[in-house]
Structure formats: C-alpha cells, structure tokens
Amino acid sequence: MFLGPILDDRPFLFVFSLELRKIMLKNILFAILLSLPVISHGQEVRGSFECSKARIAQFKDLGSPNARIAFPGDPNINVNYYGLDLEIVTNPKMLMGAATIKFQTLTANSASFQLDLHSNFLIDSLTLNGTKVSFTHQNNRITVPFSIATVALQSQEAIVYYRGVPPTGVIEEGIFFENEPNSNNPVVYTLSEPYGAISWFPCNDNPEDKADSCDVNITMNNYFIPVSNGKFLGASDVGNNKKRHKWSHKYPIAHYLISIAAANYDFKQTTWSYGDSIKMDVVDYLYQRSATNPAVLQEIQRTIQMLDIFSDHFGVYPFYKEKYGHAMFNFGGGMEHQTISSMGGFNETLIAHELAHQWYGDKVTCKTWQDIWVNEGFATYLEAIYLEDTYGRSTYDSDIDQNMTLAKDARGSIFVQNTNSINEIFNFQRTYAKGAVVLHMLRGVMGDEVFFKFMKEYANGEFAFGAASIEDVRKVAEQVSGLVLVDFFDQWLYKDGYPSYSINYSVSGKNAAIAISQSTLGGSTALFKMPMQIQVFFEDGSNEIQTILVDQKESQINLENLEKNIKEINFDPFNYILKNITVKATKTGVLATENGKNSKLVLYPNPSQDFIGVENYDLTNAYISNAVGQRLSVPIFSNKLDISKLPSAKYFLHLSDGDHSLVQSFIKL
-16 MFLGPILDDR PFLFVFSLEL RKIMLKNILF AILLSLPVIS HGQEVRGSFE CSKARIAQFK
44 DLGSPNARIA FPGDPNINVN YYGLDLEIVT NPKMLMGAAT IKFQTLTANS ASFQLDLHSN
104 FLIDSLTLNG TKVSFTHQNN RITVPFSIAT VALQSQEAIV YYRGVPPTGV IEEGIFFENE
164 PNSNNPVVYT LSEPYGAISW FPCNDNPEDK ADSCDVNITM NNYFIPVSNG KFLGASDVGN
224 NKKRHKWSHK YPIAHYLISI AAANYDFKQT TWSYGDSIKM DVVDYLYQRS ATNPAVLQEI
284 QRTIQMLDIF SDHFGVYPFY KEKYGHAMFN FGGGMEHQTI SSMGGFNETL IAHELAHQWY
344 GDKVTCKTWQ DIWVNEGFAT YLEAIYLEDT YGRSTYDSDI DQNMTLAKDA RGSIFVQNTN
404 SINEIFNFQR TYAKGAVVLH MLRGVMGDEV FFKFMKEYAN GEFAFGAASI EDVRKVAEQV
464 SGLVLVDFFD QWLYKDGYPS YSINYSVSGK NAAIAISQST LGGSTALFKM PMQIQVFFED
524 GSNEIQTILV DQKESQINLE NLEKNIKEIN FDPFNYILKN ITVKATKTGV LATENGKNSK
584 LVLYPNPSQD FIGVENYDLT NAYISNAVGQ RLSVPIFSNK LDISKLPSAK YFLHLSDGDH
644 SLVQSFIKL
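Residue numbering for the sequence shown follows the numbering used here, beginning at -16 and increasing consecutively.
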C-alpha cells in the first residue's frame, strides 16, 4: 500500500496507491479510511470512499466459492520464449492473436504438454514444430499430444492462432477495455497478476517458469500508442487506419509481467546516467491531461533519484540495456510490469514501490504465489529505504511505525495458505505491511552492513533473473550473515501473531535485574525467540547499546558490574521488533547498609539448600521472587532467610529502604 495521495486526472480526487487488485480488500480499506495516519510529509490520505467501494464491487466475485482452483502450469515444460502478434479492436471488443511459444520438455516420453488460455477464445489452429496438430481446449487449458516420443530438454515450438472476446468479471480477467477517467478517450491495458495472463495469451501459468525473452507486436487503430516491455523497434502502417507496433525484451521474464498499455498517450523521455558507462532512457506514457499537470511532472522526475538510490544499495537497475518507464492505466495504484510499470497515478512512494519491484519481483520473482512476500514485502520495505535516503532516518521510522500498526491487524501467516483467493495473496496487513516489517526486523538482527550485503547478494546472486521461495531467501540470509535464522523465518513468515512483552527491571549502582514475561497477540505462535537491543543510560549522561536474547516465556537477565552507575534502561530503542511492550522500573539508586556505608550485597552460601545469609543489610522489607516476578513468602530472621521449602530454581532477593532498591540472584539447590 502507498500511504500518500496519488495524483491523477480526476480533479480533487485522491485514490489510494494500493497496487492492482490488492486495493480491493475490505478490511484494509476500513482500517485506512477510518483511522490511519499517513507519512507523505504532513499530508493526509483523503481516499475516495466511493472509489474504494467501486473497486470492492468490481472484484466482489474473486473470493467466491466458484473462483477457479489456481493452475500450477505444466511442470513438465520450460518456456524459453513468448512471441505475441496481436490485433486488438475496441469497438466491438475483440482480440486476435498468434502466439509463438518456444519451450523444452523436461522429461522423456511425455505424452502431451499443456498451455493455459481462457475458454472464451476460439483456437483456429495450432502448430507444433511447423506441423498442424490436434488439441483439446477445455476448462481454460490447451492439451496437445506429442505424436512422437520426446526426450529430456528437447526444444519445441508451438504456435497458437486464436481469437475471441476476453472474459470479464472473473478471477482470470486480465485485459481491460475502458475509457480514461472523466473522458470518452478509449484505453486498453493488461493486468495479469496473478491469474489474468490466460485472458489474453496462451502461456504456462506458473510464475517460476520464466521465458528467456519475449516479443510483443500490437496492431491497433492509429489513435492508440501501444506500449509493452523492452525496446521499441518501430511501427508500420498495415492499412485500414491501423499500425503494427513492435516491442522486444531480451531478459528473462515471468508470464504475468508481460504487458500491454494502449491509449492516446503523450510521450515524455529523459536519460538516466549511472557510473561511467550506463545511460538509459526513462520514458513516461501519460494521459493527455496528466502530461500538462505540474504536480504529476514533478513526481515522475523523482524516478531518476530513485534509480540512483536503489542501484547504489541493490546493484545496478537490472534492465539498463533497455529502459524503465511508466504507462498510465485506470487502476488506482500500480503494477510492476517489467521495464514499464503501469500506473494509475503518481506519488513518490508509489513510484518507488513499482521501481523497487524491478529488483524484487521482476529480476527475482516469487517461485509460487504462496511466496508473494519475496515480491511485495520487499518492494514495500524499499519504499522505506527510499524515504530514509531522501529525508532521513526519522521518516524511515515513521513509515515503519505505520506498517507496524497495520501489521498488528494481520491474521494468518505471511506464507499464503490459500492461493485460490486474491484477497489472501494480496492481503495488505499481512503481505505488504507485515512483510516489510519482517525485513526491518531482519535488518535489526543482522545490522546495517550485513543486511544490505544480504539484500544485494539475494538480488544479484544465485536467484538473479530467476525465481525464489521464502526458503531460498532464508538460505541466502544465512549464508551472508552466518546466522541460523530458522526460528526467525518460522515465527515471522510461516506462523502468525507477534509478541507482547511485560518487563520489570530494577537497578542498583552498576547492576540491573531484568524480568521479561512474553505472551502472543494476534495469533497462535507459542513463543517468539528474538534478540532485543537495550539502551543502558548511565548517571553521567552517557549510554551504551547491549543485546539480550529473549527466547523464553519468562526470562531473567542480570547486568552486573558495568563500568558506570546505571540510571535507566530503554528496551528495543530503535523499534526493531514488532511487539507490544510495557515496562516497569523500580526507582534507582544505592541502598545503604545499616551503618550508613555502601557495600556489595553478598549472599552466602550461594547456591544453598536451606538458608541464605545476608551481611550488613536490614531485611525488614526484604522479599524473594521467582523468575516470573512472583513474590514468595519465606521465613526471615535477623540476617538470613529460610529457603528450605522452595523448589530448586533460580530466585531473586529484593531489598529496599523506601527510596532505593537492590536485587541479587541466588540458586536454591
């Protein structure tokens, strides 16, 4: 989600920069519309409630029991190339295409292969390796038998000739015939994530199976300027007031990131320079009214700075040999189509989010829709990185705080359990907000230097231009950091909820005793094991950061013999843990002995089975507590305590004179 207003053609209208269909989540809209503060540097979100309702209504059927079971694609083929030669007519609506799919069979002796194409389309013919073949087309799947035995890694080429009216109002809807906002100017655009690609071209409907390249040729009325991935190779007249526009993309690409956007665009172009040798076109295809809107133009100019920031942190922009840019469409958000993000409007966090996807989502793509965190959690977190680099750490912290507020409303695991539900995949509190917070917490665990090294390695190492799962991310994080992160990923990505800490601590001189009790909110995770930074403030005004491990329901931590007298302690000072926390501190100071002099509290014998002796201190107000802070009653004599009836465990003796307190641990054998 994007928490600033989106600038678009609609006068006095601000729409949420929720991405794609993800804007449709009722629970998100309710939370945002009613209560949430907004980052955007003093601005407030004034989201149009009517706009939100319209989007909810538009996709009201997506969560219905009749929604299709998500196809995993054909696991026995590996697509190498998509070549789409399309003619699109807007009145009446019609799409005619010839799709060339080059692929390899991954197993020997395959009886058939399958492609996914919505059953609304009529397939006129299909050729395999130049020969016309028989096929079936049922339930949105094309099945083509092999006439001869296949061998593993054998290259194949299928061409599908098809035509029809694309489907609407279904979970597979992916191409839209509309008008510009508040206008009769026609627009056509695609939005294929997650299951919409099959509504406009035959494909292997599996995000892990990336083609090595694609070509998209679009024939339309001369009114339109069609835009797609990669480099523009030119346009040619084909008669009947139509032109054929050719686009070519030479990088690996997931099927759902192939796109078309067509309107009577105004075209703008600038150049991004990076280092000594990289120069790349940055292009914008804008609706005519947006092209003369100074606020829009000011926002899109930020793209150059963002390219610098993300390239510095995560490696050079992945597709610099071709382009990056924006093409406007009608959704109130954006979609990270490779090299050309589709944009419903413009604000800096939306622009940053879609650009961030070019690294995390496009260059490295989620292996399955269950792993959508590797797309959306990362891109949402990079919004905060952009804000930090541009405006400073306080703005980063504000953005993270808002995501934490939303994340506390998340229910269920970030790892998606039900990929048949659009709302489950793109649940904002869980996939986006909590997803970003998980990376913020990982930064806290690793430290800045190692964290950014991990982020760069993940984007540029083994999984570059491929697909990755949550488990793959964990393995890279462990390799780079040297940490064991199984518990971290298990509790934050595969389980739900967040910890609530109740902390009691007391200080005396250079020592402190800390008791932490942990419970779970918003989920059923039994225990969160997290390192927690503490900031120890000293009486001379200085402070230091230490790290403690909170890995039990009840934890007792002692700080002993620090270099200076302790004044107070701040827990998780940089807010690196998603949590609720309450802290109670016992008044600090030095407890005097009976003769008015200070001395170290010595308990003897320690450990002990029956009695604990105390020298020089008055035991009138003394008491014993266990590890969870419960007071225990034991007989107290003039200078000793009877502990014979206590179970074997670690305990704490508390002394107080009304102004100051002292705590010392002992062991009952």
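C-beta: ideal position from N, C-alpha, C; glycine also. All values reported here derive from a predicted model rather than from experimental measurement.
Query	Result
If you draw a straight line from the alpha carbon of G315 to that of S464, how long is it in whole angstroms?	39 Å
Work out the CA separation of P301 and F329 for me, nearest whole Å.	22 Å
Within 8 Å (strictly less), CB to CB, does P209 reach chain B?	Reference to chain B is not applicable here, since this structure consists of a single protein chain.
Using beta-carbon positions only, say whether Q529 and I517 come within less than 8 Å of one another.	yes
Nearest by alpha-carbon distance to A451: which of T351, M438, I334 and Y634 is it?	T351
Measure the CB-CB distance between C197 and Y64 and report whether it falls below 8 Å.	yes
Going by DSSP in three states, A575 sits in which element: helix, strand or coil?	Residue placement at A575 is poorly supported in this model, since its pLDDT is 43, which falls under 50; the coordinates are not used for a value here.
Between M203, I549, P235 and K233, which has its C-alpha nearest G222's C-alpha?	M203
Would DSSP call W342 helix, strand or coil?	coil
Return the CA-CA distance between P630 and L333, expressed in angstroms with no decimal places.	59 Å
Just the Cα atoms here: how many angstroms apart are H423 and V153?	36 Å
Using 8 Å for Cβ pairs, my map puts H320 next to N200. What's the rounded Cβ distance?	About 17 Å separates the two Cβ atoms, so there is no contact after all.
Report the rounded CA-to-CA distance for I283 versus M311, giving the unit in angstroms.	12 Å
Tell me G147's beta-bridge partners as DSSP assigns them.	L78
What residues are listed by DSSP as bridge partners for H232?	C197
For T133, which of helix, strand or coil comes out of DSSP?	coil
Quick one: what's P164 bridged to in DSSP?	None, per the DSSP bridge assignment.
What are the start and end residues of the alpha helix (DSSP H) that includes S294?	R285 to F297
Taking the straight line between their C-alpha atoms, what separation do you get for V254 and M429?	Checking the sequence shown, residue 254 turns out to be Thr, not Val. One C-alpha to the other measures close to 36 Å.
Scan the segment 530 to 567 and note each continuous beta strand (DSSP E) run of 3 residues or more that stays entirely inside, going in chain order.	537 to 542 and 549 to 554
Which first and last residues belong to the alpha helix (DSSP H) in which E598 is found?	E598 -> no alpha helix (DSSP H), and no H or E assigned at all.
Along the alpha helix (DSSP H) that carries F250, what are the first and last residues, could you check?	Run containing F250: none in the alpha helix (DSSP H); it sits in the beta strand (DSSP E), D249 to Y257.
Is T119 buried or exposed, if buried means 16 or more other CB atoms sit within 10 Å of its CB?	exposed
Just verifying my parser: in three-state terms, what is the DSSP assignment at F42?	Low local confidence applies: a pLDDT of 46 at F42 is under 50, so the model's placement there is unreliable, with the coordinate-based value given in what follows. Correct three-state label for F42: coil.
Taking DSSP as the reference, what is the three-state secondary structure of Y364?	helix
Give a yes or no on whether the C-beta atoms belonging to D455 and F446 are separated by under 8 Å.	yes
Taking the alpha-carbon positions, what's the S93 to Q137 distance?	11 Å
Just to confirm the assignment, what range does the beta strand (DSSP E) spanning E70 have?	I60 to T73
By the three-class DSSP mapping on this structure, what secondary structure does A245 have?	strand
For K233, which of F86, K225, T388 and D195 has the nearest alpha-carbon?	D195
Considering only their Cβ atoms, is the gap separating E331 from R376 smaller than 8 Å?	no
For G56, which of helix, strand or coil comes out of DSSP?	coil
For the candidate residues T90, T88, L78 and T114, whose alpha-carbon lies nearest to that of L100?	L78
DSSP on T351, reduced to helix/strand/coil?	coil
Is the beta carbon of Q139 closer than 8 Å to that of L97?	In the sequence under discussion, the amino acid at residue 97 is Gln, which differs from the Leu named in the question. Cβ distance not < 8 Å, so Q97 and Q139 don't count as in contact.
Mapping the DSSP letters down to three states, classify P20 as helix, strand or coil.	Reliability fails at P20, whose pLDDT of 33 lies under 50, so the model's placement of it is uncertain and the value that follows must be treated cautiously. Residue state, collapsed to three classes: coil.
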